[in-house]
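Numbering (the working numbering), first residue to last: 696 to 1108. Built from N, CA and C at the ideal position, the CB exists for glycine as well. Report on the structure given below.
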């Protein structure tokens, strides 16, 4: 962790880390997808639609719960989103056709989409700004731990009990509701905003030309982040099972290696961002991400695949934790959770279509086409980054405080 932080800040980060572990129930789709395809006889495009619908649900939940978190409190949103997501996960056990799968994954997405903004807002409002990059990255690693649990349990459960049991286990996070809110209080910045009576409106994200492009540009960058991430996590296990003849257990080992690389990348990225600022940090990781994905084409066996997975995971997802820190620094208190949820989940909803695109590329082309697609989008994200003056101004997360940003960039009330 980092030194010289309050007990309150550490508690918030720990609880956000712990709450994000419950995303196990989200990531099981990556490992159950091939089994779901076999159960319902789906095409590649139909299978990709499952992830896309989930991401659309996250957009709906992100907007709704983001507004609720900014209006009624960040802490309250935690338990509500966990319960909704976990119940929807349990319902997957009873899905008898693909349409019910679509429905239950959409509901799960609504629950999953609301948590992110509350988490990042809590961290930004309680943690020292000079450590914001590392704090947000540490919280984000909780989601990767959830993904790792999904990978390990998939290799043990699917061959014996089938894919449906993975979703039954996803209901366990409901128990965490009893503990998540222990010791957590609303940040002073949020309490002050409530006292001032400032209203929360989604349109504030598009108040003026600079703010509008900032919101759109960050959403495009998150779109690329999500497109690359889910392109790898949702499809590559199935691709590698087919291309290299790997079993579910072997492909799960590849996924664990990828996730370990992601965790290392996030920790490193957070530290780099606190030192160099977000613009330089994102530039470095975007360039190397566009190059690293080509390592997957060179893999010829399990050992080389694992090594490639660590490197690819390190770069493509190292940036993930940085988005929450940047968004929280650029948007004021009254729309901070809404901004985090809208940008992250709008990007997730659009980026989720990469599952359909990659499914199409695999149906009609080969792995080389998939790798070219992934490499290209990281370079597009780099171009967008260079057009965002607000990010350039953040030499470090402490340079532009949310309150000062609010004064310098008019938000109409």
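If distances are taken between C-alpha atoms only, which option among the options comes closest to residue i?
i: residue 1054; options: 992, 769 and 931; result: 931
i: residue 862; options: 780, 1069, 913 and 1035; result: 780
i: residue 757; options: 777, 896 and 1033; result: 1033
i: residue 867; options: 921, 777, 808 and 851; result: 777
i: residue 1002; options: 954, 817 and 916; result: 954
i: residue 799; options: 1017, 749, 1076 and 771; result: 749
i: residue 813; options: 860, 926, 762 and 802; result: 762
i: residue 958; options: 901, 839, 849 and 852; result: 839
i: residue 913; options: 1040, 766 and 775; result: 1040
i: residue 1072; options: 1060, 1059 and 987; result: 987
i: residue 1085; options: 901, 832 and 905; result: 905
i: residue 1058; options: 739, 733, 833 and 920; result: 739
i: residue 1030; options: 768, 722, 725 and 728; result: 768
i: residue 754; options: 990, 1074, 734 and 1035; result: 1035
i: residue 722; options: 832, 766 and 837; result: 837
i: residue 802; options: 816, 815, 775 and 733; result: 775
i: residue 921; options: 821, 855, 990 and 1016; result: 1016
i: residue 816; options: 852, 788 and 770; result: 770
So, helix, strand or coil for residue i, using DSSP?
i: residue 866; result: coil
i: residue 858; result: coil
i: residue 1026; result: coil
i: residue 1098; result: No answer about residue 1098 holds up, because its pLDDT of 46 lies below 50 and its placement is not dependable.
i: residue 989; result: coil
i: residue 1089; result: coil
i: residue 1083; result: coil
i: residue 896; result: coil
i: residue 931; result: helix
i: residue 950; result: helix
i: residue 791; result: coil
i: residue 1035; result: helix
i: residue 1105; result: Caution applies to residue 1105, whose pLDDT of 36 falls short of 50 and renders its modelled position unreliable; the model cannot decide the point.
i: residue 1058; result: helix
i: residue 768; result: coil
Residue i to residue j, Cα distance in whole Å?
i: residue 969; j: residue 962; result: 11 Å
i: residue 819; j: residue 965; result: 14 Å
i: residue 1013; j: residue 974; result: 14 Å
i: residue 1051; j: residue 1011; result: 19 Å
i: residue 857; j: residue 1005; result: 28 Å
i: residue 1087; j: residue 1056; result: 36 Å
i: residue 924; j: residue 806; result: 20 Å
i: residue 737; j: residue 977; result: 37 Å
i: residue 1094; j: residue 1070; result: Bear in mind that a pLDDT of 48 at residue 1094, under 50, signals an unreliable position, so the number given afterwards is only what the model happens to contain. So the alpha carbons of these two residues sit roughly 32 Å apart.
i: residue 829; j: residue 956; result: 16 Å
i: residue 745; j: residue 1082; result: 33 Å
i: residue 896; j: residue 1018; result: 21 Å
i: residue 1060; j: residue 1068; result: 12 Å
i: residue 850; j: residue 984; result: 28 Å
i: residue 1078; j: residue 980; result: 13 Å
i: residue 916; j: residue 1037; result: 13 Å
i: residue 908; j: residue 859; result: 43 Å
i: residue 730; j: residue 902; result: 46 Å
i: residue 927; j: residue 919; result: 12 Å
i: residue 726; j: residue 751; result: 20 Å
i: residue 772; j: residue 865; result: 19 Å
i: residue 742; j: residue 1076; result: 26 Å
i: residue 764; j: residue 999; result: 45 Å
i: residue 833; j: residue 809; result: 19 Å
i: residue 1008; j: residue 960; result: 7 Å
i: residue 971; j: residue 835; result: 20 Å
i: residue 1111; j: residue 811; result: Residue coverage of the chain in this structure runs from 696 to 1108, which leaves residue 1111 outside it and unanswerable.
i: residue 1111; j: residue 821; result: The structure shown does not extend to residue 1111, since the chain is modelled only from 696 through 1108, so no value can be given for it.
i: residue 899; j: residue 827; result: 24 Å
i: residue 797; j: residue 760; result: 21 Å
Segment contact flag, the segment 774-794 with the segment 1062-1075, C-beta cutoff 8 Å, min 3 pairs:
no
Touching by the beta-carbon criterion (3+ pairs, under 8 Å), the segment 1018-1028 and the segment 786-796
no
Validate contact between the segment 950-968 and the segment 843-851 using beta carbons, cut 8 Å, 3 pairs
yes
At a cut of 8 Å, does the segment 1041-1048 reach the segment 985-1001 through at least three beta carbon pairs?
no
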